[in-house]
Structure formats: structure tokens, C-alpha cells
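Under the UniProt record's numbering, the sequence shown has 316 at position 316, and the numbering climbs by one with no breaks. No residue lacks a Cβ here, since even glycine has one placed at the ideal position from N, Cα and C. In this text, all values refer to a predicted model and were calculated from it rather than measured experimentally. Okay, structure first, notes after.
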Amino acid sequence: MTLSEAISMTPKSKSHTLWNDLGSVLSPRTAVLFIGSLVIPAAAFMLYPFLTIYFTHVLHDTAAEAGLLLSIRFLSSAVFGFLGSWSSGRWGLLRTYYISSLLTAGAIALLAFQHQVIPIILLLLVMGVSGSTVMSMIRGLSNIGVVADHRGTALNVIHWLTNVGMAVAMPFSALLLHGGHSRIPFYVAAGAYAVMVPVVALFFGKNPPAGAGKPDSPANAKTSGLLGILRQDIAFTYLMASFILWALVEMQFESNVPLDLSYHLLHGTALYGILGGIDMVIVFVLQLVVSHWLSQNKSPWYGYAGFVMLGGLMVGGLWQTVIGWSISIILLSVGEVFSISQIMNLMGILPKEGQQGSYFAIFGMAQGLATFLAYSLGGVIYQWLHPAVLFSLCLPAAAISAVLYRSARVRAYASASISESSAV
């Protein structure tokens with residue numbers, strides 16, 4: 001299915017419900033991928049809060065040192081994520097998924113027995129790039145297993161399940177902390193990555209879908225690498241620039257918002273927990289509904305508005321009250337749902353046939369880079385300038401992200417020689 005064919009598909013006159021959309025992407029193979037997109041993030045986010053306690057209470061690192069160690073996995077994904085693109089181009093999506101899953105499981109298991117800084121850093125580097133590659137391959141396998149006009153729906157389901165997995169992981173992590181001395185979180189997380197390998201192999205090993213088990217064709221070799229894809233596919237380049245800014249703004253809720261609340265409001269930590277609950281409810285309830293609604297309403301302006309709503313964090317940053325931050329988080333959550341749905345819809349149609357792994361590996365690199373910058377650069381701006389400056393910058397950053405997304409969308413339509421007023 002070509003990009004032109006994928007984009008030109010418009011909703012039929014017959015009304016489709018959300019259940020029709022979900023049914024159109026559900027098969028035994030996609031069901032396995034959906035399970036993986038729930039289990040693997042749950043395993044990862046059950047481990048990461050535990051690592052903070054482990055580094056500080058068991059290894060006696062400072063909070064700053066623990067934060068730097070944890071940020072290594074994001075930096076690794078951003079810097080070395082091209083290895084996922086390289087390996088999928090040479091070994092295919094399935095082999096790359098198997099290798100990266102086992103590498104992640106092994107690194108997590110070894111980390112449970114390490115007390116020296118250098119081995120810990122090396123293992124976190126492996127976890128960062130291999131863990132990111134696992135999710136990239138899941139998205140790539142989903143994209144080749146679903147017909148073109150439903151790929152955005154499948155990617156939105158994966159994104160929704162990832163959020164569910166992250167939320168489910170938190171209470172389990174709290175139960176298993178035990179002052180950081182228990183090794184159970186390491187074993188559970190490593191086991192989750194390892195167990196999914198034979199499960200995926202059971203459903204994909206025999207007669208894998210076209211492109212899943214094969215390396216890139218020689219014709220794609222020159223354009224399958226990171227720079228080759230970014231040079232050749234300008235629409236995708238604009239989309240990645242938009243996504244980096246999107247994630248930079250969205251990640252402030254996890255990085256600097258809790259810090260600001262603890263500094264400026266009485267019981268700020270408790271308030272962050274409440275606001276986090278509001279965010280989860282909004283995202284969980286609206287994500288799939290909005291994805292379906294946008295598939296029926298092709299105007300991009302809903303997405304543009306969603307991008308700008310992310311900048312609502314400025315309200316809380318300037319108006320340091322419970323009401324101000326409540327308004328901010330509601331705007332952020334609703335904006336996130338509308339904007340990420342549009343991003344995923346475009347990610348569903350942009351990857352070239354035979355290059356799914358490379359495209360989604362670059363997507364993972366962009367996510368890792370944005371997360372690293374949100375923690376590092378955001379922290380610098382917060383400390384050395386002013387919290388109001390940091391959160392005020394969210395609005396122009398979100399607006400620029402919307403402009404870049406629009407450029408990506410328009411170029412995607414233009415490259416397919418489609419004349420459609422809604423593309424503008």
C-alpha cells in the first residue's frame with residue numbers, strides 16, 4: 001500500500017463505531033503485540049522508581065547522582081538508537097525484536113548484582129538503547145500487520161496500552177520497594193522482557209508477515225539509515241522535530257511540575273498525586289475515543305488546537321495556586337490526547353515499505369532525546385532562570401510543535417500528489 005493510497009482513503013458514508021475500529025486492527029498477531037505494549041512498559045516502569053530507591057538507599061548515591069544515572073537510559077536511546085535502525089535494516093524486525101528483548105532482560109538481571117558505578121553505567125546504556133528498540137519493533141510489526149488505513153488506530157491503541165502499563169506499574173513498584181533491598185523488581189522486569197520473546201515467536205515465527213523477518217532490500221539500503229531517511233523523507237523530518245518539542249513540553253509534568261509543586265505549595269507532593277490521577281483518567285478515557293473521532297473527522301485543526309493546549313502549563317507556572325495547576329493539567333491532558341492521536345496517525349502512513357523498523361527506531365531516538373532534555377535542560381532553566389520562565393516557554397514550544405506538525409502533514413499529502421483542502 002503506497003502513501004498515496006493510504007492518505008487518500010477517506011471515511012465511508014457508513015458510520016463506524018469505536019468497536020468497529022478496534023475490530024479492524026485486532027488479530028491474533030496484533031493481540032500479542034498489544035499484550036507486549038502493556039506488559040513491557042509495566043515491567044520497565046515498575047523497575048525505574050525502584051532504581052531511584054536502590055541507588056540512594058542501597059548504593060548510598062546522592063539524589064543528584066541517582067538522577068544522573070537514571071537519565072543515562074534516555075541519553076542512550078537518543079544517541080545509540082540508530083543501532084535499532086541499523087539492525088532492523090540488516091536482520092529484519094523480528095530478529096531485532098528478539099535480540100533487543102533478550103539484551104534488555106540480561107542487562108536488568110545483571111544490574112541486580114552490581115554495586116560499582118562503571119558496570120552500572122554500561123548496563124544502563126544497554127538497557128536504554130535495547131529497551132527503546134523493543135518498543136520500536138513492536139510498533140513496526142504492528143504497522144506491517146495492519147492495513148494502511150487502520151495503522152494509526154493500531155498505534156494509538158499501543159500508545160494507550162503503554163500508558164495503562166505505566167500506571168499499573170506504580171502501585172506494584174511501591175509494594176516491592178522494601179527500602180531498595182529487594183531484587184524482586186529486577187527479576188520481574190527481566191522476566192517480562194524474556195517471556196515475551198517466545199510468545200511473539202509462537203505467533204510470528206511461522207510465515208511472518210512480509211517485511212517482518214527480512215532485512216531491507218538493496219534498493220532501500222542507501223536510504224534506510226538515520227541520515228538517509230531524514231534527508232529523503234522531509235515530512236518525517238518535520239514530524240520528528242514536532243514530536244521532540246511535543247515530548248519536551250509533555251515531559252515537564254513528570255520532571256519539573258512535581259518539583260515546583262513541592263517548593264511552592266503546601267502539601268504540593270500530595271497535590272501532584274491528585275493531578276497525576278486526573279491526568280491518567282482523562283488520558284485513559286479519551287485516548288481511544290478521540291482517536292476514533294479524529295478518524296471520522298479529518299480536519300487537522302483539532303490536532304493543532306491540541307498541540308497549543310499543551311502550553312497550558314504556563315497557567316500553573318504563572319498562577320501558583322491549586323486552581324491554576326488544576327487548569328494546567330486538564331489543558332495538558334486533553335491537549336496530549338488530541339495531539340498524540342494526530343502524530344500516531346501520521347506515523348502510521350509515513351514509513352516506507354520495508355523500512356518500518358528504521359522509522360520507528362528514529363521515533364524512539366526522538367523520544368529518548370526529548371526525555372533527556374526535559375530532565376536535564378528543563379532542570380537547568382528551572383534552577384538558573386525562574387520556574388515561570390520554564391513553564392512560560394511551554395506555550396511557544398507547543399505552538400512551534402503544531403506548526404512543524406502542519407508542515408509534516410502538508411508535505412505528506414504533497415508528496416502523494418493529493419489535493420485535499422483538509423491538508424491545509
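Under the assumption that L59 contacts I108 (Cβ atoms under 8 angstroms), give the Cβ distance between them as a whole number of angstroms.
Counting from 1 along the sequence shown, the entry for residue 59 is found at position 59. Counting from 1 along the sequence shown, the entry for residue 108 is found at position 108. The pair is not a contact, with the Cβ atoms about 16 angstroms apart (cut-off 8 angstroms).
Taking only three categories from DSSP, how would you classify T62?
Position 62 of the sequence shown, counted from the start, is the residue given in the question as residue 62. Reduced to three states, the DSSP call for T62 is coil.
At the level of alpha carbons, what is the spacing between M314 and V249?
Against the sequence shown, residue 314 aligns to sequence position 314. Against the sequence shown, residue 249 aligns to sequence position 249. Each residue's Cα considered, the two are about 10 angstroms apart.
With respect to the alpha helix (DSSP H) encompassing A270, which residues constitute its N-terminal and C-terminal limits?
The residue you call residue 270 lines up with position 270 of the sequence shown. A270 -> alpha helix (DSSP H) spans G268 to Q296.
By alpha-carbon positions, which one of L332, G311 and S24 ends up nearest to L286?
Working through the sequence shown from its first residue, we reach residue 286 at position 286. Ranking L332, G311 and S24 by Cα distance to L286 puts L332 first.
Could you check if S130 is buried or exposed, using at least 16 other CB atoms within 10 Å of its CB as the buried criterion?
For the purposes of this step, residue 130 is identified with residue 130 of the sequence shown, where counting begins at 1. Under the 10 Å beta carbon count, S130 is surrounded by 16 or more other beta carbons and is classified as buried.
Shortest alpha-carbon distance to Y98 belongs to which of V32, Y193 and F34?
Locating residue 98 in the sequence shown gives position 98, counting from the first residue. Closest option to Y98, Cα to Cα, is Y193.
Whose C-beta lies closer than 7 angstroms to the C-beta of A414 among residues of the same chain, with five residues either side of it excluded?
As a position in the sequence shown, residue 414 is number 414, starting the count at 1. Contacts found: none.
Best match in M166, G23 and S392 for proximity to A44 [C-alpha to C-alpha]:
Indexing the sequence shown from 1 puts residue 44 at position 44. Comparing Cα positions, the closest option is M166.
Does the beta-carbon distance from S341 to N156 come in below 8 angstroms?
Taking the first residue of the sequence shown as position 1, residue 341 is located at position 341. Taking the first residue of the sequence shown as position 1, residue 156 is located at position 156. A contact, by the Cβ cut-off of 8 angstroms.
So within the stretch 80-167, which uninterrupted alpha helix (DSSP H) runs reach at least 4 residues, ignoring any that extend past its ends?
82-91, 93-111 and 117-145
Report back the beta-carbon spacing between F391 and G317 to the nearest angstrom; my notes put them in contact at under 8 angstroms.
Taking the sequence shown and counting its residues from 1, one reaches residue 391 at position 391. Taking the sequence shown and counting its residues from 1, one reaches residue 317 at position 317. The pair is a contact, with the Cβ atoms about 2 angstroms apart (cut-off 8 angstroms).
Please classify P351: does DSSP put it in a helix, a strand, or coil?
Locating residue 351 in the sequence shown gives position 351, where the first residue counts as 1. Correct three-state label for P351: coil.
With a cut-off of 8 angstroms, does the C-beta of V380 fall near any C-beta of chain C?
Among the protein chains of the structure shown there is no chain C, as only one such chain exists.
Report all residues from its chain with a CB closer than 6 angstroms to the CB of Y405; omit the five preceding and five following residues, and keep chain order.
Numbered from 1 along the sequence shown, position 405 holds the residue referred to as residue 405. Cβ neighbours of Y405 beyond the five flanking positions: S242.
Assuming S401 and L245 make a contact with CB atoms under 8 angstroms, what is their CB distance in whole Å?
On the sequence shown, residue 401 is found 401 positions in, with the first residue counted as 1. On the sequence shown, residue 245 is found 245 positions in, with the first residue counted as 1. Contact between S401 and L245 holds: their C-beta atoms lie close to 4 angstroms from each other, under 8 angstroms.
Specify the secondary structure class of L385 as computed by DSSP and reduced to three states.
In the sequence shown, residue 385 corresponds to position 385, counting from 1. If DSSP states are grouped into helix, strand and coil, L385 belongs with coil.
Flag this pair as yes or no: are the beta carbons of A412 and L310 separated by less than 8 angstroms?
Taking the first residue of the sequence shown as 1, we reach residue 412 at position 412. Taking the first residue of the sequence shown as 1, we reach residue 310 at position 310. No, they are not a contact pair.
Apply the 10 Å Cβ neighbour rule to T162 and answer buried if 16 or more other Cβ atoms are within range, or exposed otherwise.
The residue you call residue 162 lines up with position 162 of the sequence shown. When all chains shown are included, T162 counts as buried.
Looking only at its chain, what residues have a beta carbon closer than 6 angstroms to the beta carbon of L75, apart from the 5 residues adjacent to it on each side?
Mapped onto the sequence shown, residue 75 falls at position 75. The residues are F372.
Is M127 near R183, with beta carbons less than 8 angstroms apart?
By one-based count along the sequence shown, residue 127 stands at place 127. By one-based count along the sequence shown, residue 183 stands at place 183. Not a contact, by the Cβ cut-off of 8 angstroms.
Entirely within the stretch 314-348 and at least 4 residues each: give me those alpha helix (DSSP H) ranges in chain order.
none
Considering Cα atoms alone, identify which of V199, W301, L259 and L111 is closest to R409.
Locating residue 409 in the sequence shown gives position 409, counting from the first residue. Nearest of V199, W301, L259 and L111 to R409, Cα basis: W301.
C-beta atoms of I121 and F34 nearer than 8 angstroms:
The residue given as residue 121 occupies position 121 in the sequence shown. The residue given as residue 34 occupies position 34 in the sequence shown. No. Outside cutoff.
Would you mind sorting S136 into buried or exposed? The rule is 16 or more other CB atoms within 10 Å of its CB.
In the sequence shown, counting from the first residue as 1, residue 136 sits at position 136. So S136 counts as buried.
Flag this pair as yes or no: are the beta carbons of V79 and T104 separated by less than 8 angstroms?
Residue numbering aside, residue 79 sits at position 79 when the sequence shown is read from its first letter. Residue numbering aside, residue 104 sits at position 104 when the sequence shown is read from its first letter. Not in contact: V79 and T104 (Cβ atoms no closer than 8 angstroms).
Skipping 5 residues on each side, what residues in its chain have a beta carbon closer than 8 angstroms to that of S376?
Locating residue 376 in the sequence shown gives position 376, where the first residue counts as 1. Once the five neighbours on either side are set aside, the close Cβ partners of S376 are S71.
Determine the closest residue to G81 out of P41, A366, L94 and L51, with distance taken between C-alpha atoms.
Within the sequence shown, numbered from 1, the residue matching residue 81 stands at position 81. When only C-alpha atoms are compared, the closest one is A366.
Can you give the Cα-Cα distance for D260 and A247, rounded to whole angstroms?
Residue numbering aside, residue 260 sits at position 260 when the sequence shown is read from its first letter. Residue numbering aside, residue 247 sits at position 247 when the sequence shown is read from its first letter. Distance between the alpha carbons of D260 and A247 is about 19 angstroms.
Integer-rounded CB distance, given that L123 should sit under 8 angstroms from L110
Mapped onto the sequence shown, residue 110 falls at position 110. Mapped onto the sequence shown, residue 123 falls at position 123. Sure, about 6 angstroms apart at Cβ, within 8 angstroms.
Where S37 and V257 are concerned, what is the direct C-alpha to C-alpha distance, given to the nearest angstrom?
Position 37 of the sequence shown, counted from the first residue, corresponds to residue 37. Position 257 of the sequence shown, counted from the first residue, corresponds to residue 257. Taking the straight line joining both Cα atoms gives about 27 angstroms.
Among W384, Q383, L385 and L395, which residue has its Cα nearest to the Cα of residue 466?
Only positions 1 to 424 of the chain appear in the structure, and residue 466 is not among them; the question remains open.
Given a cut-off of 8 angstroms, decide if I362 and M251 are closer than it, judged by their beta-carbon atoms.
As a working mapping, residue 251 is identified with position 251 in the sequence shown. As a working mapping, residue 362 is identified with position 362 in the sequence shown. No. Outside cutoff.
Length of the line joining the Cα atoms of M324 and A31
For the purposes of this step, residue 324 is taken as residue 324 along the sequence shown, with counting starting at 1. For the purposes of this step, residue 31 is taken as residue 31 along the sequence shown, with counting starting at 1. The sequence shown places Gly at residue 324, rather than the Met named in the question. Cα to Cα, the separation comes out at about 41 angstroms.
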